[in-house]
Amino acid sequence: MSRAIVVLPTYNEVENLPLIVPDILSQDPTLEVLVVDDHSPDGTGELADQLANEDSRVHVLHRSHKEGLGPAYRAGLEKAIDLDADYIIQMDADFSHPPDKLSELLHEIETHDVVLGSRYLNGITVVNWPIERILISWFGNVYARKISGLPVTDTTGGFRCMRRTFLERIGFQRSRSNGYAFQIEMNYRFVKHKARIKEIPFFFVDRTRGSSKLTLRIGLEALWVVWWLRIADRIGRL
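Written out as structure tokens, the structure reads:
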């Protein structure tokens, strides 16, 4: 039986974690969860340990301090590979990525290298965002696609499933992005290495518990990373 591990980066997600983990595990018997906690001061890490003690399908990776989404995912992906996962799934811990879509990701990954959840494949499927944030996200995707040439509809989306054997070939450990630009960089590496990519639509519902980690610095990083990717690729430094 194939082994699929969901990598969940967390920072102050003590309200969401005891709800999202059992929801994920209930979707498919092959699913496991790896919580990657950035030393949350609210007790998320300790709660993750408790969940792991109660269920062998839950794993925890404790990091010493908060560095950002990119470093957390890089560490989580490496750990999932060490755990011998066949498929590795990225998703948020705040229910913005629906657990009931996991079975579709697992079905599609059987014939693809990467399956991407998209908020923009069938129009704009975002719930509970103010109009200005929707516009910023949508125009940001258009900008990233234009500069990078990425043939995907949701360049900054973080809901995806990857084959471990493909992931090991793309040099994700060399990625430099810290925030949501990490998602753009990963998509660029997927395309560069000629991944068989499938996009599936989903409804992104903004969090109802906890606080958003999005900052101006994270947004600005995404603006320049697309240029860095294009230049680094051309000079063979990617």
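In my numbering, the protein residues as written are 821 to 1058.
Every residue gets a Cβ at the ideal spot worked out from N, C-alpha and C, and that includes glycine.
I believe residue i touches residue j by the beta-carbon criterion, under 8 Å. Please report the beta-carbon distance rounded to the nearest angstrom.
i       : j       : result
Ile990  : Phe959  : Wrong, their Cβ atoms sit about 28 Å apart, outside the cutoff.
Glu1019 : Leu936  : 5 Å
Ile951  : Leu925  : With a Cβ gap of about 29 Å, Ile951 and Leu925 do not count as contacting.
Leu1058 : Lys1014 : Going by Cβ atoms, the distance from Leu1058 to Lys1014 rounds to 14 Å, so no, they are not a contact pair.
Ser995  : Gly890  : 6 Å
Leu1049 : Tyr1008 : 5 Å
Might you give, ordered along the chain, the residues of its own chain that have their beta carbon closer than 8 Å to the beta carbon of residue i, omitting 5 neighbours on each side?
i      : result
Tyr963 : Leu1043, Val1046
Gln993 : Arg894, Glu898
His781 : The structure shown has nothing for residue 781, since the chain only spans 821 to 1058.
Gly863 : Val834
Asp869 : Val880
Asn961 : Tyr940, Thr973, Asp974, Thr975, Thr976
Which residues in the same chain have their Cβ closer than 7 Å to the Cβ of residue i, if we skip the five residues on either side of it in sequence?
i       : result
Asp912  : Gly978
Ser822  : Thr850, Asp906, Tyr907
Ile844  : Val826, Leu851, Val853, Pro919, Leu922
Ala1001 : Glu1041, Ala1042, Val1045
Can you tell me which of the options puts its alpha carbon nearest to the alpha carbon of residue i?
i       : options                        : result
Ser923  : Asp848, Asn873, Asp875         : Asp848
Asn873  : Asp862, Gly890, His885, Val855 : Val855
Asp1026 : Thr931, Val947, Gln993, Thr976 : Val947
Ser876  : Leu851, Arg894, Pro891         : Leu851
Asp1053 : Asp974, Gly969, Thr1028        : Gly969
Asp798  : Ala892, Leu845, Leu839, Asp843 : Past the edges of the chain, shown from 821 to 1058, lies residue 798, and the structure says nothing about it.
Phe986  : Pro829, Lys886, His932         : His932
Ala900  : Met1006, Thr1028, Arg983       : Arg983
His882  : Tyr1000, Leu828, Thr945        : Leu828
Leu867  : Thr945, Pro838, His885         : Pro838
Arg1016 : Asp902, Thr830, Glu930         : Glu930
Does DSSP put residue i in a helix, in a strand, or in coil?
i       : result
Glu1019 : strand
Met982  : strand
Leu1040 : helix
Ile1055 : coil
Ile825  : strand
Grab me the residues of residue i's own chain with a C-beta within less than 6 Å of its C-beta, minus the 5 sequence neighbours each way, in chain order.
i      : result
Glu928 : Val935, Lys1018
Leu871 : Val841, Val878
His885 : His859
Return yes when at least one heavy atom of the ligand FAD lies under 6 Å from the C-beta of residue i, else no.
i      : result
Arg989 : As for the ligand FAD, it is missing from this structure, which has no ligand bound.
Segments assigned beta strand (DSSP E), at least 3 residues, entirely inside the region 834-904:
Counting whole runs of 3 or more residues, the region 834-904 contains the beta strand (DSSP E) stretches 851-857, 878-882.
Enumerate, from N- to C-terminal direction, the unbroken alpha helix (DSSP H) stretches of 4 or more residues contained entirely within the region 895-974. Inside the region 895-974, DSSP marks whole alpha helix (DSSP H) runs of 4 or more residues at positions 922-929, 951-968, from first to last along the chain.
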